[in-house]
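Protein chains in written order, with the numbering used here: chain U, 1 to 113; chain F, 114 to 227.
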């Protein structure tokens with residue numbers, strides 16, 4: 001089954017404790033991206049990757065890191081989480097950037113206390 | 114930077130009434146995509162429009178892309194309770210140096226009362 005898998009689905013952590021949210025897709029998609037969803041703000045792009053070893057900042061990259069060592073995986077790293085990073089996070093992938101639909105993961109609800 | 118505004122933010126309708134959400138971009142878009150997110154779920158792709166002035170239909174849903182490729186609309190005829198959710202538009206900016214960025218609108222939350 002074609003899918004985008006995120007882990008964990010739920011996470012409560014403390015300020016400053018490094019964490020990684022994993023994202024994996026099995027569709028051989030080139031383009032992957034991370035979004036955060038906050039009430040009233042819609043989906044805001046954090047980082048995206050056009051292909052392996054090619055990543056770039058989205059609209060809200062501060063406090064986040066990503067890597068794309070393999071085509072299927074695109075982890076999101078929070079080196080020192082802060083409470084303002086409490087949010088619902090979605091990973092998405094698409095065959096190519098333009099003119100192709102994005103497939104979203106199930107989401108990761110992160111709470112930083 | 115590019116901004117994509119969506120209105121209204123909320124819409125409450127009685128089942129059977131029509132519903133429209135509007136999407137306006139500050140820059141010309143290469144294409145416009147629409148997604149639906151059910152409560153507690155993840156966004157799911159509905160459709161993509163590419164051409165200026167394009168109109169597409171999916172059963173009770175009608176999607177339009179403006180002539181200037183800066184605005185779009187989604188119209189649902191005779192809403193049903195299964196239409197409940199948040200509708201997002203999204204588009205990559207045409208040209209420029211921000212190739213790769215996809216900007217979403219804030220979404221319209223649709224509630225349908227039976």
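Backbone N, C-alpha and C define an ideal beta-carbon position, used for all residues, glycine too.
Taking residue i as part of the beta strand (DSSP E), name the residues at either end of that continuous run.
i: residue 47 of chain U; result: 42-51
i: residue 56 of chain U; result: 54-57
i: residue 223 of chain F; result: 221-226
i: residue 137 of chain F; result: 132-138
i: residue 57 of chain F; result: This structure cannot speak to residue 57 of chain F, because chain F is shown only from 114 to 227.
i: residue 184 of chain F; result: 184-189
i: residue 92 of chain U; result: 87-94
i: residue 35 of chain U; result: 31-38
i: residue 118 of chain F; result: 117-120
i: residue 214 of chain F; result: Run containing residue 214 of chain F: none; DSSP gives neither H nor E here.
i: residue 71 of chain U; result: Taken as a continuous stretch (DSSP letters only), residue 71 of chain U belongs to no beta strand (DSSP E), as it is neither H nor E.
i: residue 173 of chain F; result: That residue, residue 173 of chain F, is in no beta strand (DSSP E); it is neither H nor E in DSSP.
i: residue 24 of chain U; result: 19-25
Is the beta carbon of residue j closer than 8 Å to that of residue i?
i: residue 87 of chain U; j: residue 110 of chain U; result: yes
i: residue 42 of chain U; j: residue 155 of chain F; result: no
i: residue 178 of chain F; j: residue 117 of chain F; result: no
i: residue 71 of chain U; j: residue 28 of chain U; result: yes
i: residue 68 of chain U; j: residue 49 of chain U; result: yes
i: residue 290 of chain F; j: residue 196 of chain F; result: Limits of chain F in this structure are 114 at one end and 227 at the other, which puts residue 290 of chain F out of reach.
i: residue 213 of chain F; j: residue 201 of chain F; result: no
i: residue 119 of chain F; j: residue 134 of chain F; result: yes
i: residue 66 of chain U; j: residue 47 of chain U; result: yes
i: residue 113 of chain U; j: residue 82 of chain U; result: no
i: residue 183 of chain F; j: residue 137 of chain F; result: yes
i: residue 227 of chain F; j: residue 192 of chain F; result: no
So, at 7 Å on beta carbons, what are the nonlocal neighbours of residue i in its own chain, with the 5 sequence-adjacent residues on each side left out?
i: residue 96 of chain U; result: 30 and 31
i: residue 4 of chain U; result: 23, 25, 91, 92, 93, 103, 104 and 105
i: residue 101 of chain U; result: 94
i: residue 53 of chain U; result: 68
i: residue 128 of chain F; result: 192, 193, 194, 225, 226 and 227
Whose C-beta lies closer than 6 Å to the C-beta of residue i among residues of the same chain, with five residues either side of it excluded?
i: residue 161 of chain F; result: 144 and 146
i: residue 222 of chain F; result: 123 and 199
i: residue 174 of chain F; result: 189
i: residue 11 of chain U; result: 110
i: residue 215 of chain F; result: 203 and 205
i: residue 168 of chain F; result: 177
i: residue 107 of chain U; result: 88 and 90
i: residue 58 of chain U; result: 45, 46, 47 and 48
Beta-carbon within less than 8 Å of residue i's beta-carbon, same chain only, minus the 5 sequence neighbours each way: which residues are those?
i: residue 180 of chain F; result: 165 and 166
i: residue 126 of chain F; result: 132, 192, 223, 224, 225 and 226
Next item on the list: State whether the segment 18-26 of chain U contacts the segment 43-50 of chain U, with contact taken as three or more CB pairs (one from each stretch) at a distance under 8 Å.
Entry: no
Notebook entry, point to check: Three or more beta-carbon pairs under 8 Å between the segment 134-142 of chain F and the segment 65-82 of chain U, yes or no?
Noted result: no
Margin query: Is it the case that the segment 174-193 of chain F contacts the segment 1-21 of chain U, given that we only count it when at least three CB pairs across the two stretches are under 8 Å?
Written below: no
Note to self: Closer than 9 Å between beta carbons: that is the criterion. Which residues of the segment 114-143 of chain F meet it against chain U?
What the structure shows: 114, 115, 117, 119, 122 and 143
Checklist line | Residues of the segment 184-213 of chain F with Cβ closer than 8 Å to any Cβ of chain U, in chain order | finding: 201, 203, 205, 212 and 213
Margin query: Counting only Cβ-Cβ distances shorter than 9 Å, please list the residues of the segment 20-46 of chain U near chain F, keeping chain order.
Written below: 31, 33, 35, 37, 40, 41, 42, 43, 44 and 45
Note to self: So if I threshold CB-CB distances at 8 Å, which residues from the segment 61-76 of chain U count as touching chain F?
What the structure shows: none
Margin query: Give me the subset of the segment 215-226 of chain F whose CB atoms are less than 9 Å from a CB atom of chain U, sorted by chain position.
Written below: 215, 216, 217, 218, 219 and 220
Item checked: Contacting positions in the segment 161-178 of chain F - beta carbon closer than 8 Å to chain U -> 161 and 163
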